Structures are given as C-alpha cells and as structure tokens.
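Going from the sequence shown to our numbering is simple: count from 1 and add 810.
Just so you know, even glycine gets a beta-carbon here, dropped at the ideal spot from N, CA and C.
These numbers were taken from a predicted model, which means no experiment stands behind them.
Take a look at the structure below.
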Amino acid sequence: MNRHLTVLIVEDLPDDVLLLRKAMARSGITNPIQVVEDGREAIAYLQGEGKYANRMQYPFPSVIFTDLKMPRVSGFEVLEWLRQHPDCSVIPVIILTASRQDEDVKRAYLMGANAYLVKPTSLADLESMVKTAYDFWAWCEKPHVSGNC
C-alpha cells in the first residue's frame, strides 16, 4: 500500500476537519494530511501558489476529500477547475458532504467525482467510511503528476 499518499482535505467547518482527522488517526491512517478551508484555497494549493509554493511542506495530493457547500468557491467549482487541468484531472476526488440531494449526487458524478460520501452522524461510522475510501485509493495505481496544475 502507498504510505506516501498525501491527502488534501477541503472543508470549511473546523469541527468537521477535527472529526475527519480524528477518524483518520483512529483508522490507522498515518499519511500526511493537508487541510484547506475552501475551494479557493484548494486551487491555490494545487497550483503551488503563495504559501503553498513549497512542495516539501505542501506536497502535491494523491487524493482529495472535499465538501460541496463552502463559501467563496464551492466543491463543485473545485471539481470543474480540476477537470480542466490535465495534471489535476487525474487526482481521485472523494466528495464528503452532508447533502443527500439527488441533484448534488448526480452533478458531482457528472463533473468527475470519483466517489460521493455523505457524512455520517457517528465517529465510528466516519472512521469506517474514511478507512474504506482511503484503503481503496491507496491500493490504486495513480499516474505521476508534475506537482502543480
């Protein structure tokens, strides 16, 4: 399994970030985890702009967990941006959101999401969900990307 996998979390709610980090740690996920608070910051991270220019400190992600409903730039807008950039279009994107709306699910998949997960209400379920998603993508071969989009 690829233990050098860097996970990028795009989430605007600090409590959700805390729970996700806790679930990952309790699931035995020891990979580097980077967190940005909205889609605008995610795009800056992926482009290696500003404070994200140092790829030793902010490694290019191998998988992205993103919320949909965020201020400034939404998860849908991040998906749209990702799919327009060749190096970024191959990064697996897992939607992790509270929305169960059929139109959100369909739109996310049409825009290239690789998985759509609804945030569970218990930490135990979140642990199980995150571990399953992580294990799947950690085993998958991923193409080499240059490090900026």
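N- and C-terminal bounds of the beta strand (DSSP E) containing residue i
{"i": "Gln844", "result": "843-846"}
{"i": "Val955", "result": "Per DSSP, Val955 belongs to no beta strand (DSSP E) and is neither H nor E."}
Residue burial classification, residue i (beta-carbon count within 10 angstroms, cutoff 16)
{"i": "Met939", "result": "buried"}
{"i": "Ser884", "result": "buried"}
{"i": "Met866", "result": "exposed"}
{"i": "Asp877", "result": "buried"}
{"i": "Ser932", "result": "exposed"}
{"i": "Glu859", "result": "exposed"}
Residue i - containing alpha helix (DSSP H), residue span
{"i": "Ile904", "result": "Element bounds for Ile904: not the alpha helix (DSSP H) but the beta strand (DSSP E), 903-907."}
{"i": "Ala833", "result": "824-836"}
C-alpha gap between residue i and residue j, whole angstroms
{"i": "Gln894", "j": "Val827", "result": "27 Å"}
{"i": "Asp914", "j": "Leu856", "result": "24 Å"}
{"i": "Lys952", "j": "Arg831", "result": "23 Å"}
{"i": "Ala934", "j": "Tyr944", "result": "15 Å"}
{"i": "Glu847", "j": "Ala908", "result": "16 Å"}
{"i": "Ala948", "j": "Val903", "result": "13 Å"}
{"i": "Pro881", "j": "Gly838", "result": "31 Å"}
heavy atom of the ligand SAH below 7 Å from residue i C-beta
{"i": "Met866", "result": "Among the ligands in the structure shown, none appear at all, so the ligand SAH cannot be discussed."}
Bridge partner(s) assigned by DSSP for residue i
{"i": "Thr876", "result": "Val820, Ile905"}
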